[in-house]
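Each step along the sequence shown adds one to the number in my numbering, with nothing skipped, and position 2 is 4.
Notes follow the structure.
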Amino acid sequence: IVNCLSSKGYVLHFFHSVCAYLIANLILSFSLVQYYIFLYLINQRGVWLNKVLTVELSQKTSQLILYEKLQSIRLLFSALQILAKEVNNLYATSVVLTFIG
């Protein structure tokens, strides 16, 4: 293999192949790993909010306090949904390129 790469033509072809295919695939792979991690963290936060909601509903508190707590939990769920939408929009190109390329 060293003999094949010692010629100028093979070396240039080798570097061209590395730049054109390997680096692009590595960047795409890292992008998809980041996408998965973001969605996983968003999911974990949703699970945590469900647990908080269950605890709050099981407590005996006044209607006003319960309403305020439920309103803040609703706002957190809404923010989480907006974040998930933004992450999906941000990584949509990477996901499409994975299935096309």
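In this text, a Cβ means the ideal position worked out from N, Cα and C, and glycines have one as well.
Quick caveat: nothing in here was measured; it's all calculated off a predicted structure.
In the DSSP assignment, the alpha helix (DSSP H) including Thr-63 goes from what residue to what residue? No alpha helix (DSSP H) holds Thr-63; DSSP gives it neither H nor E.
Out of Leu-82, Leu-30, Gly-48, Ser-64, state which residue places its alpha-carbon closest to the alpha-carbon of Leu-99. Considering only alpha carbons, the answer is Leu-30.
Residue from Leu-28, Leu-82, Val-89, Lys-62 whose Cα sits closest to the Cα of Asn-52: Among Leu-28, Leu-82, Val-89, Lys-62, the Cα nearest to that of Asn-52 belongs to Leu-82.
For Ser-80, the nearest candidate out of Gly-48, Leu-59, Ser-33 (CA to CA): That would be Gly-48, whose Cα lies nearest to the Cα of Ser-80.
Measuring CB atoms only, is the region 27 to 41 touching the region 86 to 95, in the sense that at least three cross pairs come out at less than 8 angstroms? The region 27 to 41 is in contact with the region 86 to 95.
Where Leu-72 and Leu-78 are concerned, what is the direct C-alpha to C-alpha distance, given to the nearest angstrom? When only Cα atoms are considered, Leu-72 and Leu-78 end up about 10 angstroms apart.
Close-in-space but distant-in-sequence residues of the same chain around Ser-60 (CB under 7 angstroms, 5 per side omitted): There are no such residues.
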